[in-house]
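J.:
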Amino acid sequence: MKAVFIDIDNTLLSFSEYVKHTMQTGFEHFGLKRYEPYMYDIFTEENNKLWRRIEQGTLVFSELEKMRWNIIFAKLGIEFDGTVFEKYFRGALYDSAIPMPYSDEMLRYLSDKYTLCAASNGPYEQQVHRLEVAGMKRFFDYIFISEKLGASKPSEEFFRCAFAELNGGREEAIMPTDTIIIGDSLTSDIEGGRNYGMKTCFYNVSGVESDIIKADYVIDELNEVKGIL
718 MKAVFIDIDN
728 TLLSFSEYVK
738 HTMQTGFEHF
748 GLKRYEPYMY
758 DIFTEENNKL
768 WRRIEQGTLV
778 FSELEKMRWN
788 IIFAKLGIEF
798 DGTVFEKYFR
808 GALYDSAIPM
818 PYSDEMLRYL
828 SDKYTLCAAS
838 NGPYEQQVHR
848 LEVAGMKRFF
858 DYIFISEKLG
868 ASKPSEEFFR
878 CAFAELNGGR
888 EEAIMPTDTI
898 IIGDSLTSDI
908 EGGRNYGMKT
918 CFYNVSGVES
928 DIIKADYVID
938 ELNEVKGIL
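The sequence shown begins at 718 in the numbering used here and counts up one residue at a time.
#1: Taking 8 Å as the threshold, find out whether the segment 910-919 comes into contact with the segment 891-898 through three or more Cβ pairs.
#2: What does the Cβ neighbour count give for Asn765, buried or exposed, with the cut at 16 atoms within 10 Å?
#3: Under 9 Å between the Cβ atoms of Gly743 and Phe790?
#4: How big is the Cα-Cα spacing for Tyr752 and Met740?
#5: Based on DSSP bridge pairs, tell me the residues matched to Cys834.
#6: What residue from Leu793, Arg911, Leu827, Ala851 has the CA that sits closest to Pro754's CA?
#7: Sorry if obvious, but does the Cβ on Ala835 come closer than 8 Å to a heavy atom of the ligand GDP?
#8: Given Tyr859, which residues of its chain have a CB within under 8 Å of its CB, disregarding the five upstream and five downstream residues?
#9: By DSSP, does Val935 sit in helix, in strand, or in coil?
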């Protein structure tokens with residue numbers, strides 16, 4: 718193994734905890750309904766639907782920004798301009814850097830042994846800044862973000878562009894079979910990596926049933942990576 722690709726949201730940095738906190742503070746800030754836990758479940762369901770469309774290439778991120786909170790507010794029975802809340806939401810996300818358990822420990826371990834590549838769907842500047850705020854950017858040799866590459870995981874184009882940059886100027890190319898991707902998404906991370914010929918490690922942070930996981934390795938905590946690599 719020569720290089721390790723690692724997802725960012727809900728793998729290195731907790732997107733879920735950020736969303737819960739920002740919904741609570743944002744609803745209070747704008748004088749909306751009192752936040753209740755079920756609202757996060759609705760956010761997750763609708764947000765995942767939109768991101769699946771991005772993964773399938775039928776939606777771009779700029780469209781998601783215009784639609785997301787209007788859809789969620791309609792489901793919650795809240796009358797408020799979703800684009801206004803989206804701006805608040807994205808502004809707060811820019812500085813959000815809540816580490817997942819053992820993420821720093823894993824990065825310290827892997828960075829001593831492998832070429833490390835962050836691999837994420839989302840806005841480039843935002844994702845790089847969040848890694849920097851978390852003190853994680855220094856561990857990475859490459860940062861591959863969909864906005865900059867012009868393609869999203871799990872598309873072949875995302876990985877083709879990433880490997881082109883990874884191997885630029887390298888005397889001996891790193892092949893997909895020499896790499897592994899670690900992530901919490903069965904589609905963008907595991908399916909995308911597997912289809913491109915990479916080894917895959919599924920971070921089962923959401924407790925997915927084992928019979929539907931098609932990954933080379935499955936971990937429940939990031940410190941288990943030491944037993945694999």
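We put the beta carbon where it would ideally sit given N, CA and C, even for glycine.
T.: In short, the structure shows the following:
#1: yes
#2: By one-based count along the sequence shown, residue 765 stands at place 48. With fewer than 16 Cβ atoms within 10 Å of its Cβ, Asn765 is classed as exposed.
#3: Walking along the sequence shown from the start, residue 743 turns up at place 26. Walking along the sequence shown from the start, residue 790 turns up at place 73. Not in contact: Gly743 and Phe790 (Cβ atoms no closer than 9 Å).
#4: Locating residue 752 in the sequence shown gives position 35, where the first residue counts as 1. Locating residue 740 in the sequence shown gives position 23, where the first residue counts as 1. Going by the C-alpha atoms only, they are around 7 Å apart.
#5: Residue mapping note: residue 834 aligns to position 117 of the sequence shown, counting from 1. Answer is Phe722, Tyr859.
#6: The residue given as residue 754 occupies position 37 in the sequence shown. When only C-alpha atoms are compared, the closest one is Leu793.
#7: For the structure depicted, the ligand GDP is absent and the ligand set is empty, with no information on it obtainable.
#8: On the sequence shown, residue 859 is found 142 positions in, with the first residue counted as 1. Hits under 8 Å: Thr832, Leu833, Cys834, Ala835, Ala879, Glu882, Leu883.
#9: The residue given as residue 935 occupies position 218 in the sequence shown. In the structure shown, Val935 adopts extended strand secondary structure according to DSSP, grouped into three states.
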